[in-house]
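If you read the sequence shown in the UniProt record's numbering, its first letter stands for residue 3, the second for the next number, and so on. Built from N, CA and C at the ideal position, the CB exists for glycine as well.
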Amino acid sequence: AQHLSQAMGRIEPSQTTAMTDRATQLREEGRDIISLSVGEPDLPTPPHVIAAITEALAKGDTRYTPVGGTSAMKRAAALHFTRDLGIAASPTGITVSAGGKQAIFHALCATIDPGDEVVIPAPWWVSYPQIARFAGATVVPLPTTPETAFRFTAAELEAAITPRTRWLLLNSPGNPTGAVFPADELLAIAGVLDRHPQVLVMSDDIYAPLRYSGAPHATLAALRPDLSNRVLTVSGVSKSHAMTGLRIGVATGPEWLIRAMEKLQSHSSGNPASISQAGAVAALEGPQDFLSDWREIFRKRRDLVCKRIAAIPGLSTPVPDGAFYCLIDAAPLIGGRLADDTVLTLHLLEHGVATVAASAFGGDHCGLAGFRISFAASEDTLTKAMDRIEAAVKAL
Ligand code: PLP
């Protein structure tokens with residue numbers, strides 16, 4: 003008989019998948035659909051990364067590696083954490099997994115007992131609450147709004163913490179909001195954490211190179227090294243180096259946690275793909291100067307999209323400080339024909355643009371109704387998409 007675990011009963015299928023399925027169906031019917039629903043850079047994977055993978059294959063680098071990554075990979079990750087994030091990381095405090103997602107999955111599963119609480123700022127990345135619930139935790143949303151550029155205050159965090167709080171999940175720059183926490187606000191957050199020593203912190207810095215304000219990247223483990231026994235910093239090459247399909251993520255944190263994550267990984271996927279590790283070493287040790295060119299490409303796209311959205315009645319968005327997403331508030335359009343923001347995204351799809359409803363990111367916890375677009379597409383594509391969104395709103 004069919005039987006699914008209680009853990010499976012606690013998670014939901016991804017709403018982004020439902021949108022992708024509908025978009026695919028329309029395309030098969032011959033419709034021209036622009037997809038702004040995906041979370042990956044459209045730019046090509048750098049040629050030196052491809053060359054390193056090809057070379058690794060040619061020399062027969064196709065065997066098991068150590069579960070938590072090769073020593074070359076861990077050294078490259080240590081270089082990345084130190085050089086790019088300002089975290090004094092050593093290879094023993096690092097583990098490598100199949101994407102940042104797997105590091106987060108293993109970290110939460112390794113530390114959560116039933117009834118533990120995980121504080122997640124909302125709007126959130128779709129997988130955070132699902133992973134936390136799968137692990138047995140109760141999700142405690144920490145709502146934010148566009149008025150504060152989707153950043154919460156230390157006082158709001160203090161109010162969300164209870165004796166059962168096990169984790170705070172921090173994501174800066176953030177998906178889906180583009181929110182970036184400046185150093186002074188992170189220090190205020192650390193002040194709250196000082197009063198609650200039972201709370202671990204996940205700092206998901208996977209979008210770190212994509213910041214538009216010019217301020218240096220701020221991250222908790224660099225600002226407050228004395229918290230290092232309870233901060234796990236997750237990063238990777240998926241978003242920064244256009245390597246989403248290669249599945250490499252890196253994490254650094256206290257050794258007790260890193261070893262537990264590797265223990266779990268040793269029984270789940272085993273080592274991350276050997277040739278992908280070779281590519282990631284090349285990505286992290288090779289030239290980094292193209293990253294600033296890429297950032298400028300994304301900045302122009304962001305400006306284009308924000309300008310167009312601001313001119314469409316009923317839509318608004320704060321200008322995102324990082325990552326490649328805009329979370330657009332469309333609350334004035336909801337009601338009547340558009341019962342909720344999922345119906346709005348279906349309406350936009352009928353006009354040829356695939357987006358994702360804000361409710362998929364916990365926007366409903368924040369009184370937000372709208373949709374997320376990814377601006378990881380060419381300026382021509384984005385212009386066409388904005389024309390269609392404008393026409394779709396006019397047609398209401
Ligand atoms: N963290 C955030 C905030 C993300 O948006 C994503 C990908 O969408 C990930 C982690 C996972 O990235 P990876 O592809 O490396 O697993």
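{"Item": "Around the ligand PLP, what residues have a beta-carbon under 6 Å from a heavy atom of it, in chain order?", "Value": "G41, G101, G102, K103, W127, N173, N177, D206, I208, G238, S240, T246 and G251"}
{"Item": "Is it the case that the region 171–183 contacts the region 200–210, given that we only count it when at least three CB pairs across the two stretches are under 8 Å?", "Value": "yes"}
{"Item": "Going by CA-CA distance only, name the one from D44, W169 and A244 that's closest to T140.", "Value": "W169"}
{"Item": "Using 8 Å for Cβ pairs, my map puts S230 next to P256. What's the rounded Cβ distance?", "Value": "6 Å"}
{"Item": "Are P143 and H367 close, meaning C-beta to C-beta below 8 Å?", "Value": "yes"}
{"Item": "When you compare each of D291, E158 and M263 to G102 by their alpha carbons, which one comes out closest?", "Value": "M263"}
{"Item": "Is L127 buried or exposed, if buried means 16 or more other CB atoms sit within 10 Å of its CB?", "Value": "Looking at the sequence itself, residue 127 is Trp, so the reference to Leu does not match. Buried."}
{"Item": "With a 10 Å radius around its C-beta and 16 neighbouring C-beta atoms as the bar for buried, classify V252 as buried or exposed.", "Value": "buried"}
{"Item": "Thinking C-alpha only, which one of C328, D389 and A394 is nearest G41?", "Value": "C328"}
{"Item": "Suppose only complete runs of 4+ residues qualify. What are the alpha helix (DSSP H) ranges in the region 323–374, listed by chain order?", "Value": "343–352"}
{"Item": "How close, in whole Å, do the beta carbons of A220 and L188 come, if the pair is a contact with beta carbons under 8 Å?", "Value": "5 Å"}
{"Item": "Report the rounded CA-to-CA distance for A162 versus L286, giving the unit in angstroms.", "Value": "37 Å"}
{"Item": "According to the neighbour-count rule (16 or more other Cβ atoms, all chains shown, within 10 Å of its Cβ), is A332 buried or exposed?", "Value": "buried"}
{"Item": "Looking only at C-alpha atoms, which of C111, P43, A79 and I133 sits nearest to E14?", "Value": "I133"}
{"Item": "Just checking my contact of L87 with T235 at CB under 8 Å: how many whole Å lie between their CB atoms?", "Value": "7 Å"}
{"Item": "Quick check: what's the CA-CA separation for H108 versus H82?", "Value": "21 Å"}
{"Item": "Return the residue from the list R29, P49, Q27 and D34 that minimises the CA-CA distance to P289.", "Value": "P49"}
{"Item": "S39 to F326, Cα distance in whole Å?", "Value": "11 Å"}
{"Item": "Residues in its own chain within less than 6 Å of V283 by CB, not counting five upstream and five downstream?", "Value": "A74, M75 and A78"}
{"Item": "Ignore the nearest five residues each way along the sequence and tell me which others in G365's own chain have a CB closer than 6 Å to its CB.", "Value": "P125"}
{"Item": "Report the rounded CA-to-CA distance for A112 versus L266, giving the unit in angstroms.", "Value": "7 Å"}
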